[in-house]
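Below is one structure, written out as structure tokens; the observations come after it.
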Amino acid sequence: MSARVSGRCLCGHVSYEYTGVVGPASYCHCVDCRRATGSAFNIGVELEAAKFAIVSGRTKGYTKRGDSGNELTRHFCPECGSPIYTSSPAHPQHVYVKAGTFDDPSVVKPAHQSWVDSAVSWHRIDDGLQAFARRRQ
Amino acid sequence: MNDRENLISGGCLCGAVRFEIERRFDVYRYCFCSLCRRTRGTSHAANLLVAPDAFRWTAGERSVRRYDLPDARFGNCFCGTCGTPVPRLTLSGSAVIVPAGSLDEDPGRRPDHVVFWDSRVPWLPTPEQVRKFSRFASE
Numbered sequence: 044m045s046a047r048v049s050g051r052c053l054c055g056h057v058s059y060e061y062t063g064v065v066g067p068a069s070y071c072h073c074v075d076c077r078r079a080t081g082s083a084f085n086i087g088v089e090l091e092a093a094k095f096a097i098v099s100g101r102t103k104g105y106t107k108r109g110d111s112g113n114e115l116t117r118h119f120c121p122e123c124g125s126p127i128y129t130s131s132p133a134h135p136q137h138v139y140v141k142a143g144t145f146d147d148p149s150v151v152k153p154a155h156q157s158w159v160d161s162a163v164s165w166h167r168i169d170d171g172l173q174a175f176a177r178r179r180q
Numbered sequence: 388m389n390d391r392e393n394l395i396s397g398g399c400l401c402g403a404v405r406f407e408i409e410r411r412f413d414v415y416r417y418c419f420c421s422l423c424r425r426t427r428g429t430s431h432a433a434n435l436l437v438a439p440d441a442f443r444w445t446a447g448e449r450s451v452r453r454y455d456l457p458d459a460r461f462g463n464c465f466c467g468t469c470g471t472p473v474p475r476l477t478l479s480g481s482a483v484i485v486p487a488g489s490l491d492e493d494p495g496r497r498p499d500h501v502v503f504w505d506s507r508v509p510w511l512p513t514p515e516q517v518r519k520f521s522r523f524a525s526e
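In order, the protein sequences belong to chains A and B. Quick note on this note's numbering: the first sequence kicks off at 44 and runs consecutively. Quick note on this note's numbering: the second sequence kicks off at 388 and runs consecutively.
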């Protein structure tokens with residue numbers, strides 16, 4: 044089902060809009076996601092790249108090859124540091140928007156967790172969320 | 388225990404910013420407020436509160452950028468190159484807030500309470516059995 048959603052960073056410099064299908068939310072425990080969020084795991088929501096638009100401000104990107112072997116670019120607000128979305132040339136049709144940036148958090152639908160083998164001892168997710176030891180199969 | 392064993396190191400994703408904390412911290416907690424959600428991009432923050440004299444930058448302090456919300460006791464420090472959250476001295480100067488995910492190793496204990504539980508999102512993974520406070524830990 045198509046939905047109209049919006050989101051922004053903490054300071055409001057960067058905001059985005061999207062009208063389309065809101066895809067699954069993936070919880071990632073990989074080491075890079077842990078560091079990039081400063082938390083136990085990242086939550087990325089899959090959106091169609093062609094329908095995702097930054098409507099104010101500009102993001103800054105940092106590109107690094109992840110444990111999957113794919114290059115990931117993490118896009119953040121250069122003013123306040125809030126992470127906005129991740130993109131990868133391996134999946135050019137999608138962007139993976141950070142769940143915490145949505146203005147309406149109810150659009151986030153948990154689907155699965157990946158890289159569980161790398162999860163920290165202090166926060167594992169044991170409530171039935173489909174789990175993959177490494178990348179999602 | 389020698390001095391090095393008493394320290395935990397950490398840093399940002401690109402490696403520009405590095406720091407150390409002493410393995411003594413009073414508070415290790417989750418915060419579910421809407422502001423932490425935006426700065427972390429995920430459901431909540433996991434933070435250690437460290438005394439200022441138990442913290443030091445070891446590399447890249449000049450790469451650290453700081454943003455403070457106007458009229459609010461909240462802000463974010465991050466690496467200007469990769470955007471990763473890094474430790475932030477509170478405005479009062481009483482503590483350094485250290486993102487647990489930026490540490491190189493397990494801090495050796497688990498978060499013991501949650502603040503701003505009333506602001507939690509519906510897609511919260513079940514946290515461990517921790518004390519939950521509607522707003523601040525004293526409430």
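Backbone N, C-alpha and C define an ideal beta-carbon position, used for all residues, glycine too. In this text the structure is predicted, and so the values were computed from the model without any measurement.
- Taking a C-beta distance under 9 Å as the contact criterion, G87(A) and E122(A) do not qualify as a contact pair.
- Within the DSSP secondary-structure output, Q156(A) pairs in a beta bridge with Y70(A), A174(A).
- With its beta carbon less than 9 Å from one in chain A, A432(B) belongs to the interface.
- Between the alpha carbons of P498(B) and Y415(B) lies a distance of about 5 Å.
- If you draw a 10 Å sphere on the C-beta of F503(B), you find 16 or more other C-beta atoms in it, and that means buried.
- Taking every protein chain shown into account, the CB of Q173(A) has fewer than 16 other CB atoms within 10 angstroms, so this residue is exposed.
- Taking all protein chains in view, the Cβ of G462(B) is crowded by 16 or more other Cβ atoms within 10 Å, so the residue is classified as buried.
- Cβ-Cβ separation between R177(A) and H155(A): approximately 12 Å, too far for a contact (criterion under 8 Å).
- If you draw a straight line from the Cα of W510(B) to the Cα of S430(B), it comes to about 8 Å.
- Using beta-carbon distances, G447(B) does not count as an interface residue toward chain A, since no partner is under 9 Å.
- At a Cβ-Cβ threshold of 9 Å, A133(A) and A83(A) do not count as neighbours.
- Residue P135(A) holds the alpha-carbon nearest to the alpha-carbon of N113(A) among T102(A), F119(A), A93(A), P135(A).
- Taking 4 residues as the shortest admissible run, the segment 425 to 509 of chain B contains no complete alpha helix (DSSP H) segment at all.
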